[in-house]
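K.L.:
Be aware that the sequence shown starts at 2, since it is given in our numbering, and climbs by one per residue.
For each residue, glycine too, the CB sits at the ideal point set by N, CA and C.
Shown below is the structure under consideration.
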Amino acid sequence: MLAHILSGAVYGIDGVKITVEVDYNPRSMASFTIVGLPGTAVQESRERVRAAIKNIGCEFPMKRFTVNLAPADIRKEGPAFDLPIAIGVLVATEQLRADQVAGAMFIGELALDGKLRHVCGAINLAILAKQEGCHTLYVPEEDAPEAAQIEGIDVIPVASLGHLVEHLFGMRPIPPFDRSRLPREPYIPVERVVDFAQIKGQEHVKRAMEVAAAGNHNILLVGPPGAGKTLIARALAGILPPLTPEESLEITRIYSVADLLPADRRMARRRPFRAPHYTISQAGLVGGGSTPRPGELTLAHRGVLYLDELVEFGHKLEVLRQPLEDKIVTISRANGSLTFPANVMLVASMNPCPCGYYGDSVQPCTCGEAAVRRYQQRLSGPILDRFDIHLDVRRVDYHKLVSTELAESSATVQARVTAARERQLARYRDFPHLRANSDLTASEIDQFCALPEDAATLLHNAMRRLSLSARAYHRVLKLSRTIADLEGAESITLTHVAEAIQYRSRLMTALQG
């Protein structure tokens, strides 16, 4: 007898329908063959399925089984096919009826005693099941809260294969997951986030971070050791705007595939902040592997990717050039290509020279001019051009360090940032791909970043005097638009352009020139 069971696999962050076909031939010698480009974990599922079916008290005839995972031209990886294969065997051997599993999708890894274990990508496959018109999705009990985030489909939390069989026969029904049990309150990050009010001095740097957060702009901080670059970068998490429902779903899908969702929270409630060490591999940074997995760039999607000691990343930075422009990462392999989202706010920090004190007002630099130049030129011009804001961070004066006066709190700054983002969402409501000013393309910049004559003249003079590239020109315009949004202005003025231009620091401008 032939059985057809619906399942799915995740490629990139998208679900793909997989039909599990199980053919049972009682007249042939015992064998269990899986075809359809199965990976090692899928091949091993035959032993897990055989043991699980026997251990729940069902029959597993020692005859010929052929399992086909269609379409056959897509590589199948992971243990999530255990449950649909087991259900297919039970239907093919007439221990279950085909009508009992019609219109349902099955995913799950089996233990040898029949219990179901957690699998990655439950929410991605829930989206797939809804798109395919399934009325029911059977998932491991642990993954039900994640899959239930998708409305319009019954999610059945299954503890074991034996309980599922009893459910299908109506002996011990499993109720669909109750969505009222899902937490609705905002997620409070457990990490300690520094409040802007506690950061002494550095008013110009905090202003630049506010502008960057308001428009999702990339920012590079350059300054001596101990000036507060890392502290300010990590405080950025406290002023980022709250996630929209669409952004929350995007992040959740990525973290589900990467198996990084916390056990008690199956929906992203805050923007990611990723800070990889400079010893990270290229694949770890942008993604890759024989079975491509999302890298740090994708894990920071809709959030912040912080690269401390930027120069030490070396040639690995060059792989960021295209993804930072296109907002996606494409990983190509012999059997196809996968695309991961990568719309990040890139924040980086570095010292100006090997000893760190070049240009410092107190500590003299011990590096020669040639050493300083070699150190700075380890960053290529194209990489520097990807930063909208280049900022010199100076050491904090002593009287500011000991001052007890508090500056603006992160909550106050976040309110302004959120208001600016809301203005952008309203302005770009007819452009679904635009969420912030940093997403603007060249044609859209012409439409939304028109300059008055005096501002255009100032920008023209700055282009010539600072030797700014065409990319830098567009980034100044997008920065000007964000500064205007923070002020609540409908149009860009001379003042907004002047502030945007001053965010091209002298040090970085010299490097580009």
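Residues in the same chain with beta-carbon distance under 6 Å from VAL373, minus the five sequence neighbours each way, listed in chain order, please.
P.N.:
CYS354 and TYR359
K.L.:
State buried or exposed for ALA443, treating a residue as buried only when at least 16 other CB atoms are found within 10 Å of its CB.
P.N.:
Exposed, by the Cβ-count rule.
K.L.:
Determine the direct distance from the alpha carbon of ASN217 to that of GLN132, and round the result to whole angstroms.
P.N.:
Within the model, the alpha-carbon separation for GLN132 versus ASN217 is close to 32 Å.
K.L.:
What did DSSP end up calling TYR256 once you bin it into helix, strand or coil?
P.N.:
DSSP places TYR256 in helix when its eight states are reduced to three.
K.L.:
Compare the beta carbon distance of ILE252 and PRO295 with 8 Å and say whether it is the shorter of the two.
P.N.:
The answer is no: Cβ separation not under 8 Å.
K.L.:
Which value, in whole angstroms, describes the spacing of the CA atoms of ILE14 and ALA4?
P.N.:
28 Å
K.L.:
Give the secondary structure of GLU192 by DSSP, where H, G and I count as helix, E and B as strand, and everything else as coil.
P.N.:
Residue confidence for GLU192 is low, a pLDDT of 49 falling below 50, so the modelled location carries little weight; the figure read from the coordinates is stated next. Of the three classes helix, strand and coil, the one that applies to GLU192 here is coil, per DSSP.
K.L.:
Please report the straight-line C-alpha distance between GLN503 and ARG322, rounded to a whole angstrom.
P.N.:
24 Å
K.L.:
Taking 6 Å as the limit between beta carbons, can you name the residues of its chain near ASP24, skipping five residues before and five after?
P.N.:
Counting only Cβ-Cβ distances below 6 Å, and skipping sequence neighbours, we find LEU3 and THR67.
K.L.:
Could you tell me the distance, in whole angstroms, from the CA atom of ASN56 to the CA atom of GLY115?
P.N.:
7 Å
K.L.:
Between SER411 and MET210, what straight-line distance do the alpha-carbon atoms span, to the nearest angstrom?
P.N.:
Each residue's Cα considered, the two are about 11 Å apart.
K.L.:
If you draw a straight line from the C-alpha of GLU22 to the C-alpha of ALA71, how long is it?
P.N.:
In this structure, the straight-line span from the alpha carbon of GLU22 to that of ALA71 is close to 8 Å.
K.L.:
For ASP2, name the three-state secondary structure that DSSP assigns.
P.N.:
The sequence given here has Met at residue 2, not Asp. Residue state, collapsed to three classes: coil.
K.L.:
Starting from VAL159 and walking both ways along the alpha helix (DSSP H), at which residues does that stretch end?
P.N.:
Counting along the chain, VAL159 falls outside any alpha helix (DSSP H), though it belongs to the beta strand (DSSP E) covering 155 to 159.
K.L.:
Do PRO257 and ALA123 have their C-beta atoms closer together than 8 Å?
P.N.:
The sequence given here places Ser at residue 257; Pro does not occur at that position. Yes.
K.L.:
For ARG49 and VAL17, what's the separation of their Cα atoms in angstroms?
P.N.:
24 Å
K.L.:
For THR94, count the other beta carbons within 10 Å of its own beta carbon; 16 or more makes it buried, fewer makes it exposed. Which is it?
P.N.:
By the neighbour-count rule (16 or more Cβ atoms within 10 Å), THR94 is buried.
K.L.:
Whose C-beta lies closer than 6 Å to the C-beta of PRO190 among residues of the same chain, with five residues either side of it excluded?
P.N.:
With a pLDDT of 48 at PRO190, under the threshold of 50, the predicted position of this residue should be treated as unreliable, though the coordinate-derived value follows. Hits under 6 Å: ARG271.
K.L.:
Does SER410 come within less than 8 Å of chain D when only Cβ atoms are used?
P.N.:
You won't find chain D in this structure, because it holds only one protein chain.
K.L.:
Distance, Cα to Cα, LEU478 vs VAL418?
P.N.:
Pairing LEU478 with VAL418, the inter-Cα distance amounts to about 18 Å.
K.L.:
Roughly how many angstroms lie between the CA atoms of ILE446 and ASN344, to the nearest whole one?
P.N.:
ILE446 and ASN344 have their C-alpha atoms roughly 18 Å apart.
K.L.:
For the putative contact between ARG387 and LEU339, defined by C-beta atoms under 8 Å, what is the C-beta separation to the nearest angstrom?
P.N.:
Contact flag wrong, Cβ pair sits at about 23 Å.
K.L.:
Whether or not the stretch 134 to 147 and the stretch 96 to 114 are in contact is what I'm after, with contact meaning three or more pairs of Cβ atoms, one per stretch, closer than 8 Å; do they touch?
P.N.:
yes
K.L.:
Taking only the alpha-carbon atoms, compute the straight-line gap between THR483 and ILE493 and give it to the nearest angstrom.
P.N.:
9 Å
K.L.:
Report the residue from GLU167, ILE54, ARG472 and ALA501 whose alpha carbon sits nearest the alpha carbon of LEU392.
P.N.:
ALA501
K.L.:
Count the other CB atoms, across all protein chains shown, that sit within 10 Å of the CB of MET30; report buried if there are 16 or more and exposed otherwise.
P.N.:
Around the beta carbon of MET30, fewer than 16 other beta carbons sit within 10 angstroms, so the residue counts as exposed.
K.L.:
Hey, could you find the ends of the beta strand (DSSP E) VAL23 is sitting in?
P.N.:
15 to 26
K.L.:
Could you check which residue in ILE151, CYS59, GLN199 and VAL394 has the C-alpha nearest to that of PRO246?
P.N.:
ILE151
K.L.:
Can you pull the DSSP bridge partners for ILE329?
P.N.:
PRO342
K.L.:
Assign GLU297 to one of two classes, buried (16 or more other C-beta atoms within 10 Å of its C-beta) or exposed (fewer than that).
P.N.:
buried
K.L.:
Spatial neighbours of PHE33 within its chain, please: CB distance less than 6 Å, with the 5 preceding and 5 following residues excluded, ordered by chain position.
P.N.:
ARG47 and PHE66
K.L.:
Looking at the strands, I want to know which residues DSSP matches up with THR34.
P.N.:
THR67, per the DSSP bridge assignment.
K.L.:
At which residues does the beta strand (DSSP E) containing ALA105 begin and terminate?
P.N.:
105 to 107
K.L.:
So, ASP155 versus PRO177, is the Cβ gap smaller than 8 Å?
P.N.:
Contact: yes.
K.L.:
By the 10 Å Cβ neighbour count, where 16 or more other Cβ atoms means buried, how is ASP179 classified, buried or exposed?
P.N.:
exposed
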